[in-house]
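In UniProt numbering, the protein residues as written are 1 to 158.
Each residue gets a CB set at the ideal place from its N, CA and C atoms; glycine is no exception.
See below for the structure under consideration.
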């Protein structure tokens, strides 16, 4: 289950000052070590060490392939690719990549089971209980259209 907290837009220059917005509450960040332990404990015959080695090699390979201009699709997760921002110029002859390209970033476009349409069918969401809600009444909890398996118990210690 995903949890959210409400935050009010208090920026002085905002067109939406005073409006309330939901923001997802993140609980735990899984590094490769914790993910390998989680996987070793759930539905796999492989050891934590084997899984960690494979994941570490996968990260290096995705990086190398992306730096060579190749997107990498991991089914039911995302397509990973690199992107950048670019300033426009009036004349193509004036374009200088050192001057006009900035803000390189890793892009991850959800695919398969994590695509937006699929997520809408399985995500359950409720307001977090670990903060003072600005609401004066109890919020509703959303119910998914399907029944997902939910690893919400947090990372497994090494």
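Under a CB-based cut-off of 7 Å, is residue 21 close to chain D? Protein chain content of the structure displayed is limited to a single chain, and chain D is not contained in it.
Tell me the residue span of the alpha helix (DSSP H) that contains residue 100. Counting along the chain, the alpha helix (DSSP H) containing residue 100 begins and ends at 97–100.
Contact check, residue 5 vs residue 126, beta carbons under 7 Å: No, the pair does not count as a contact, with Cβ atoms beyond the cut-off.
Name the two residues that bound the continuous beta strand (DSSP E) containing residue 78. Here the beta strand (DSSP E) through residue 78 covers 78–86.
Beta-carbon gap between residue 7 and residue 23 smaller than 7 Å: In contact: residue 7 and residue 23 (Cβ atoms closer than 7 Å).
Look at the alpha carbon of residue 89 and the alpha carbon of residue 97, and state the distance between them as a whole number of angstroms. The alpha-carbon atoms of residue 89 and residue 97 are separated by roughly 11 Å.
Report the three-state DSSP secondary structure of residue 22 (helix, strand or coil). Here DSSP, grouped into helix, strand and coil, assigns residue 22 to strand.
Just verifying my parser: in three-state terms, what is the DSSP assignment at residue 64? Helix.
With a cut-off of 8 Å on the beta carbons, I'd call residue 103 and residue 85 a contact; round off their distance for me. A Cβ-Cβ distance of about 4 Å is found for the pair residue 103 and residue 85, placing them in contact under the 8 Å criterion.
From residue 62 to residue 119, what distance separates their C-alpha atoms? Their Cα atoms are separated by approximately 24 Å.
Could you tell me the alpha carbon to alpha carbon distance between residue 26 and residue 94, rounded to whole angstroms? Those two C-alpha atoms are separated by around 45 Å.
How is the beta strand (DSSP E) around residue 4 delimited, first residue to last? For residue 4, the enclosing beta strand (DSSP E) starts and ends at 2–8.
Cβ contact (3+ pairs, closer than 8 Å) linking the stretch 29–36 and the stretch 50–68: Yes, the stretch 29–36 touches the stretch 50–68.
Going along the chain, which residues of its own chain have a beta-carbon closer than 8 Å to the beta-carbon of residue 152, five neighbours each way excluded? Per-residue confidence for residue 152 stands at a pLDDT of 48, beneath the threshold of 50, marking its modelled position as unreliable; the derived number appears in the next sentence. A distance below 8 Å between beta-carbons, with the five flanking residues on each side excluded, links residue 152 to the following residues of its chain, in chain order: 1 and 27.
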